[in-house]
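A.B. asks:
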Amino acid sequence: MSKDKLNQLLQKRFVLLDGGYGTALNGMGMPNSMCPEQWALEHPECLKKLYRGYMEAGADIIYTFTLGANQSKLSNYNLSSHDMELNRKLASLAKETASDQVLVAGDIGPTGSGIKPMGDLLFEEAVDIYKRQVKALLVGGVDLFVIETMIDIQEARAAAIAIKETCDLPFIVTITFEKSGRTVGGTSPASAMITMQSLGASAVGSNCGHGPDSMLEIIHQMSKVATVPVIAKPNAGIPRLVNGHTVFDMNDHAFVTHSKNLLNEGVSVIGGCCGTDSKTIKALYDLIKGKDRSFEKQEPKRGILSSGTDCIVFDLTTTGLVIGERINPTGKKQLQEELSSGRYQSVSELAGIQQEAGASILDINVAVPGCDETSLMSEVVEKLSWSVNTPLCLDSADPNVFEKVLRIYPGRALVNSVSLEKEKIEKIFPIVKKYGCMVILLPLSGSKLPKNNEEKHAIIQELVQTAKEYGLSEQDFIVDALTMSIASVPKAGKDILETIEYCKSNGWFTLSGLSNISFGMPERKTLNTAMITLCIQKGLNFAIADPSSDLVMNGMYATRLLMNDDPDGSSYIKNVRHSERVVSSQKSVSHHKTLLKENDDVYNRVLKGQFDSIVQQVQKELEQGVSAESMIQERLIPAIQEVGSLYEKNIYYLPQLIASSNAMKKAVDYLEPLLMKESKSVQKPVCVMATVKGDIHDIGKNIVSLVLSNHGFEIVDLGKDVDANTIIDAVIKHHARIIGLSALMTVTMRYMKEVINLKNKKCPHVKVMIGGACVTLEYAKQIGADGYAENANEAVRVAESLLD
């Protein structure tokens, strides 16, 4: 099927998807211990029966039963080498069952291993895994692809790239969000929507994890930034264990009632996930039958950028957004030396400082003579993508840098820049189109500067026309006003203002490299402040500037307030409060500055997740006379506690938590032998961790284990798909005080009860805490667990309370 045909269907009316499969097949005899895809092939009539039921109910699209049929997931059943065979046969089975009016979507799900930093796979390894699956599904005859149940935006991106580099078939995407309203990795619904629609998805939304009631806010956030149809495929409420069987607590009437709200919120593609069946889909069909749905978003012209966690949305009336300029080695000897030696501490610090100071985007330039710029940029972007929440602007004069870096960036980036040079145009515009990012148009033709504004504006027109020929829209680029220094061009300030007006009259976003105006002049901050004030009056959208300059930032926010670009004054007040905090902090610690820098470096490295350099800093402070015990008690433990606090406040997300935990672990591993020499070692309480029988998902359990180990627990990790006897044997062998159980699938939750029953017989004094995507506090109480933790940080509190 062509993208155009699918888009016509999606834009013409409501589209109905199928419902759940796993629970229904379990009811037909599929055991939890067996590979679901293999069992389905051995019992094709069971799967065909479900397909026929969904088609009779009115489904427009049915999914192949291949959610877990990738090499990585299949390795849990020793079936990695059969991945292409399974996908091909299961796709053929769906295709031969489908009527002519029903489309078959090749279903692609998580790898189960995760992409770094949340898992073990490299990004390209994930792309290769998905390419194998895509090729096999193509041979099986699918009409389109669905990327679903993704908890990591990078896995969703890897799957999308695999599809785009293999064929021209369209794809749709649904992301699974936690109870917090974000993915496991911290991606917001809006950011997920922006990232995937920019990559070329024909429709984007959410599935699983929520019922239609609790999914409403997620859909609301997605709809606000959507330029493609929005999908909802919720569960039938919350799973509960009744007489040893998993059931969902929402009947079809309630499901449809709540689904009406999803439609009103902008959903035009709807179906069901866990706990739904053909009756549910028939009820949805009756809800949408005969209703026309025209997807035409009448939005003002706007630009959208996203990071791995958050996004910024702006239109032509948005003024004074700052692109932080400080991550640039030009004229910075220390930064050059660090980048040359593969160290990134200053980069991380500059990124954090600029984000805190109010930068909306961070410009990243790592061009150092004699260094591989592509490798440097890739490493810096990988580190910053999950340590700051602001989108990144990738700044390079070498077009070859962008392909590799945009490929791994977990959002919609800004490319800086493309000028009217044939080589750059031919290389950069196709890359921008492929990865769906935004680009800065720099009005230069070759190495010559335009002689006057007339020539500059003619170059801008030609760049805009060329961008459109490559398939970009006016929402995909920002025009650089080309700021010159008044030291060499006295009318440079006036020229910039005229160019901003010219671009605004044509409906184009604008940008100015603010500090260029004052180059070679005294009192540069004064000139920069005056320039930003004048530019905002003309409607400048972005300034590349130093956000830590109070004079410039105060002038900018004050001008925005006076021009009514900040009607309620909230941005101005926030900036004033930030400036006051900085001044107060500087006054209070100035006379202790040197001491604090020395003593707090280990603390800060844990706080910032700088695990590459923490051992060297630990060694340095030990040489200065700090004991191993005080290092742990006064630096490491307070730091990891602060990380936990930031995580709970949604300031940090899972990637930052993992990075900080890894830094803590490296430091503690180095210090433990020294503690034994100091005779300060303490017997740690043992916690046995396991994912229960039949469940092959262990990313969440692994993260909990890592965080618990950093809070004084000795972890015995039994892995995944572990039966009750093995767990209890390990508890007795290691004299454990706590058992930590995880389950992702509703059909494996019941095995938690088996572990608790056996524990009560053999070691009743041991405490049990449980967690997992489908697990609730109510379920924990129902099966007799001693504690329930929603996330890794909460698991620490629960475990510590169980020791009392």
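Going letter by letter, the sequence shown gives residues -4 to 799 in my numbering. We treat Cβ as the ideally placed atom computed from N, Cα and C, and that holds for glycine.
1) Buried or exposed for residue 444, going by 16 or more other Cβ atoms inside 10 Å?
2) How many Å lie between residue 243 and residue 799 at the Cα?
3) Verify whether the separation of the beta carbon atoms of residue 81 and residue 37 is less than 7 Å.
4) Would you decide whether residue 117 is buried or exposed? Buried here means 16 or more other CB atoms lie within 10 Å of its CB.
5) State the Cα-Cα distance for the pair residue 618 and residue 337, rounded to the nearest angstrom.
6) How is residue 796 classed by DSSP in three states: helix, strand or coil?
7) Is the segment 222 to 229 touching the segment 173 to 187, taking contact as three or more C-beta pairs under 8 Å?
8) DSSP has residue 647 in a bridge; who is on the other side?
9) Suppose the cutoff is 7 Å on Cβ atoms and the five residues either side in sequence are ignored; what does the same chain contact list for residue 721 look like?
10) Give the straight-line distance between the Cα atoms of residue 367 and residue 509, rounded to the nearest whole angstrom.
11) Between 276, 278, 409, which lies nearest to residue 308 when the distance is taken from Cα to Cα?
12) Within the continuous alpha helix (DSSP H) that includes residue 153, where are the two ends?
13) My output table needs one value for residue 297: the three-state DSSP class, helix, strand or coil.
14) In the segment 191 to 264, which residue ranges form an unbroken beta strand (DSSP E) of at least 3 residues, counting only runs that do not cross its ends?
15) Only counting the same chain, and skipping five residues up and downstream in sequence, which positions put a Cβ closer than 8 Å to that of residue 561?
16) What's the C-alpha gap between residue 55 and residue 231?
17) Any idea if residue 796 is buried or exposed, counting beta-carbon neighbours within 10 angstroms, 16 or more meaning buried?
18) Given residue 469, which residues of its chain have a CB within under 7 Å of its CB, disregarding the five upstream and five downstream residues?
19) Pick from 644, 693, 624: whose alpha carbon is nearest that of residue 672?
20) Which first and last residues belong to the beta strand (DSSP E) in which residue 273 is found?
21) Tell me which residues share the same chain as residue 793 and place their Cβ nearer than 8 Å to its Cβ, disregarding the 5 neighbours each side in the sequence.
22) In the DSSP assignment, find the unbroken beta strand (DSSP E) run with residue 308 in it and report its ends.
23) Distance check for residue 520 and residue 119, CA to CA, integer angstroms please.
24) Would you say residue 86 and residue 136 are within 7 Å of each other, going by their C-beta atoms?
25) For residue 365 and chain C, any beta-carbon pair shorter than 7 Å?
26) Work out the CA separation of residue 179 and residue 91 for me, nearest whole Å.
27) Can you tell me the Cα-Cα spacing of residue 71 and residue 98, whole angstroms?
28) Name the two residues that bound the continuous alpha helix (DSSP H) containing residue 816.
29) As a quick exercise: from 219, 12, 240, pick the residue whose alpha carbon is nearest that of residue 745.
30) If residue 473 and residue 506 are in contact, beta carbons under 8 Å, what's the gap, nearest whole angstrom?
31) Just the C-alpha distance for residue 687 and residue 775, rounded to the nearest angstrom, thanks.
32) Assign residue 772 to buried or exposed, taking buried as 16 or more other Cβ atoms, counted over all protein chains shown, within 10 Å of its Cβ.
33) In the DSSP assignment, find the beta strand (DSSP E) that holds residue 686 and state where it starts and stops.
34) Return the bridge partner residues of residue 540 from the DSSP annotation.
35) Can you name the residues that DSSP bridges to residue 388?
36) Rounding to the nearest angstrom, what Cα-Cα distance links residue 589 and residue 497 in this structure?
C.D. replies: Taking the definition as stated:
1) Counting of Cβ neighbours within 10 angstroms places residue 444 among the exposed residues, the total staying below 16.
2) When only Cα atoms are considered, residue 243 and residue 799 end up about 35 Å apart.
3) With a cutoff of 7 Å on beta-carbon distance, residue 81 and residue 37 are scored as not near each other.
4) The Cβ neighbour count for residue 117, taken over all protein chains shown within 10 Å, is under 16; the residue is labelled exposed.
5) Between residue 618 and residue 337, the C-alpha separation is close to 24 Å.
6) If DSSP states are grouped into helix, strand and coil, residue 796 belongs with the helices.
7) Under the three-pair Cβ rule at 8 Å, the segment 222 to 229 does not count as touching the segment 173 to 187.
8) None; residue 647 has no bridge partner.
9) Correct list, in chain order: 713.
10) The straight-line gap from Cα to Cα measures roughly 29 Å.
11) Of the candidates 276, 278, 409, 409 places its Cα closest to the Cα of residue 308.
12) Residue range 148 to 159 is occupied by the alpha helix (DSSP H) that includes residue 153.
13) The answer is strand: DSSP assigns residue 297 an E or B state.
14) Those beta strand (DSSP E) runs which fall completely within the segment 191 to 264 and span 3+ residues are 198 to 202, 225 to 228, 234 to 237, 240 to 243.
15) Residues of the same chain with a CB within less than 8 Å of the CB of residue 561, apart from the 5 flanking positions on each side, are 552, 555, 567 in chain order.
16) C-alpha separation (whole angstroms): 20 Å.
17) Residue 796 counts as exposed, since fewer than 16 other C-beta atoms from the protein chains shown sit within 10 angstroms of its C-beta.
18) Hits under 7 Å: 296, 502, 503.
19) Per the Cα distances, 624.
20) Per DSSP, residue 273 belongs to no beta strand (DSSP E); it is in the alpha helix (DSSP H), 273 to 283.
21) Hits under 8 Å: 764, 782, 783, 784.
22) Residue 308 -> beta strand (DSSP E) spans 306 to 310.
23) C-alpha of residue 119 to C-alpha of residue 520: approximately 44 Å in a straight line.
24) Yes, these two residues count as a Cβ contact at 7 Å.
25) Here there is only one protein chain, and chain C is not present.
26) Approximately 37 Å between the Cα atoms of the pair.
27) Computed Cα separation, rounded: 30 Å.
28) As shown, the chain starts at -4 and ends at 799. That puts residue 816 outside it, with no answer to give.
29) Closest by alpha carbon: 240.
30) Confirmed, Cβ separation roughly 5 Å.
31) One C-alpha to the other measures close to 14 Å.
32) With a threshold of 16 other beta carbon atoms within 10 Å, residue 772 falls short and is exposed.
33) 681 to 686 is the extent of the beta strand (DSSP E) around residue 686.
34) According to DSSP, residue 540 shares a beta bridge with 319.
35) Answer is 358, 409.
36) Here residue 589 scores only 33 on pLDDT, less than 50, and its place in the model should not be relied on; the value that follows carries that caveat. Straight through space, the alpha carbons of residue 497 and residue 589 are spaced by roughly 51 Å.
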